[in-house]
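Numbers in our numbering are just positions in the sequence shown, counted from 1, shifted up by 1492.
For glycine and all other residues, C-beta sits at the position ideal for the given N, C-alpha and C.
Contents: one structure, followed by commentary.
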Amino acid sequence: MSEEILINITPMESRVALVENGVLQELYVERTQKRGIVGNIYKGKVVRVLPGMQAAFVDIGLDRAAFIHASEISTREGAAVEPISALVHEGQALVVQVTKDPIAKKGARLTTHLSIPSRYLVYMPNTSHVGISLKIEDEEERERLKQIVANAMSVEGIVTGGFILRTAAEGVRAEEILADVRYLSRLWEQIAGQMNTAPAPSVIYEDLVLALRTLRDLVSLRTEKIRIDSRESFVRASQFVSELMPELIDHLEHYPGERPVFDLYGVEDEIQKALERKVALKSGGYLILDPAEAMTTIDVNTGAFVGHRTLEETIFKTNLEAATAIARQLRLRNIGGIIIIDFIDMQDEEHRRQVLRTLEKQLERDHAKTNIIGITELGLVQMTRKRTRESLEQILCESCPSCQGRGKLKTPETVCYEIFREILREARAYQAEGYLVLANQKVVDRLLDEESGNVADLESFIGRPIRFQVEINYSQEQYDVVLL
């Protein structure tokens, strides 16, 4: 499978597209004025302890206080975690790392279990464990990597802290891993020094910008090209790669074309589609994605697909195609949290198993951690996907000011009846010569047409005239009743 990474840089924002076999699979957006803070380390101050929630709020210098649970402070696990009041107190300085960006009205999530990533390793200063990514399955390779890290720690005189070997370390030479160990050791010395001297709240360590994080975290053996459309960013990326991952230097390419690099690969069109509720399947079926605060639901429909054999075969084919499409949409839209999938009901147990297996197989390439819990008695697939950053929709969109994010508007008929009730309230409370209704064009049209008889009856009942005026800037639900 061929893979390319496209990096589009402007002064306002950076965007990264991961393209597999010519199809956009993942998109990352970082606005210059709203950079993500996952991975950043802060010296914060505890501002409130919540014993009932086993948690505390910590001021790290953001608009909203961040949240930390007792389990993210304690070195114990499960039921053995100490009470939060035994771990921290108000006013206490605390060194923390951000694990989740602030999302919607929720503050950032924190941990005191610090970790610093490099190309092949993650350094954890507070543990003595050496772990290996589960995606590296070969036992001989796992043992080789473990021995390399143990030798490197001995050579560098590292007596505290532990490492996790990332998937990218598979097959890598000992010298390259040793270089990573040295880099992380130096970086930790700098961070540790600042931890003692920095005021609270303040930032101690900031993660790399998006373009460089991409090179560190997303590039794999499948990556054939990394195209960057900014000369300045290309030079920075080349320096970064030369120092830390020289094997990638031939994969880097500056894209100088007049046509935007995202247009060249159809990425802009795919971004627009990723903001739509409905996703068309090639067979004629479709998905409906409904993100909500608690969870995201995905409904699978056959649509225009009628198949060529039996109904069960048609349903099975649609569900198989949907499983692949769903895995892509979760990655592309960066949907996290609880996800409920309503596949079309299948009678054949083997068909159900194959659809679930297809979904699992497609999710293996997801960089975010996913967990398929199983199928409920109602036939719904339950799964979770780790949420660390805002979804694509949350970054690019905001709630509709007309419907307040409901996705629905009151009908002109409903608004007309609300206006009638408002006029009745005003007539009972105040003496007036008449009433002027300011409303949206559709509402006024209905008042003067279908509701004209009701308007005449209301005028007769209150003994006052009612006039209407169109306000072009009013939404369908917006109106005012003015006393004359």
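Reference residue i; option with closest CA among the options
{"i": "N1688", "options": "V1664, A1585, V1580 and L1613", "result": "A1585"}
{"i": "E1629", "options": "P1617, G1663 and I1650", "result": "G1663"}
{"i": "A1642", "options": "S1625, L1939, V1753 and S1620", "result": "S1620"}
{"i": "R1956", "options": "V1962, D1972 and G1926", "result": "G1926"}
{"i": "R1825", "options": "E1885, E1918 and Q1923", "result": "E1885"}
{"i": "I1887", "options": "V1521, E1631, N1513 and S1506", "result": "V1521"}
{"i": "D1672", "options": "D1551, I1807 and P1738", "result": "P1738"}
{"i": "N1965", "options": "N1932, I1683 and A1948", "result": "N1932"}
{"i": "E1768", "options": "G1795, Q1821, D1834 and V1727", "result": "Q1821"}
{"i": "R1877", "options": "F1808, I1864 and E1869", "result": "I1864"}
{"i": "F1808", "options": "R1849, I1560 and V1771", "result": "R1849"}
{"i": "H1605", "options": "A1548, K1853 and G1653", "result": "G1653"}
{"i": "R1556", "options": "M1616, R1601 and A1919", "result": "R1601"}
Where residue i falls: helix, strand or coil (DSSP)
{"i": "D1972", "result": "strand"}
{"i": "G1570", "result": "helix"}
{"i": "N1863", "result": "strand"}
{"i": "R1844", "result": "helix"}
{"i": "V1759", "result": "helix"}
{"i": "Y1697", "result": "strand"}
{"i": "Q1961", "result": "strand"}
{"i": "Q1874", "result": "strand"}
{"i": "E1495", "result": "strand"}
{"i": "H1605", "result": "coil"}
Beta-bridge partners of residue i, as assigned by DSSP
{"i": "V1641", "result": "Answer is none; V1641 lacks a bridge partner."}
{"i": "A1772", "result": "Y1778"}
{"i": "R1523", "result": "E1505 and K1526"}
{"i": "D1791", "result": "I1780 and D1834"}
{"i": "R1719", "result": "L1498 and E1745"}
{"i": "V1550", "result": "V1538 and A1558"}
Beta carbon of residue i nearer than 7 angstroms to that of residue j
{"i": "I1790", "j": "L1803", "result": "no"}
{"i": "V1847", "j": "A1815", "result": "yes"}
{"i": "R1881", "j": "G1531", "result": "no"}
{"i": "V1753", "j": "R1719", "result": "yes"}
{"i": "G1777", "j": "T1806", "result": "no"}
{"i": "E1564", "j": "T1603", "result": "yes"}
{"i": "V1541", "j": "V1550", "result": "no"}
{"i": "I1696", "j": "Q1686", "result": "yes"}
{"i": "V1508", "j": "T1706", "result": "yes"}
{"i": "L1975", "j": "Y1922", "result": "yes"}
Burial state of residue i, where buried means 16 or more other Cβ atoms lie within 10 Å
{"i": "S1494", "result": "exposed"}
{"i": "K1535", "result": "buried"}
{"i": "I1911", "result": "buried"}
{"i": "M1504", "result": "exposed"}
{"i": "K1526", "result": "exposed"}
{"i": "F1979", "result": "Residue 1979 cannot be examined here, being either before or after the span of the chain that is shown, 1493 to 1976."}
{"i": "I1741", "result": "exposed"}
{"i": "A1596", "result": "exposed"}
{"i": "R1611", "result": "buried"}
{"i": "E1856", "result": "exposed"}
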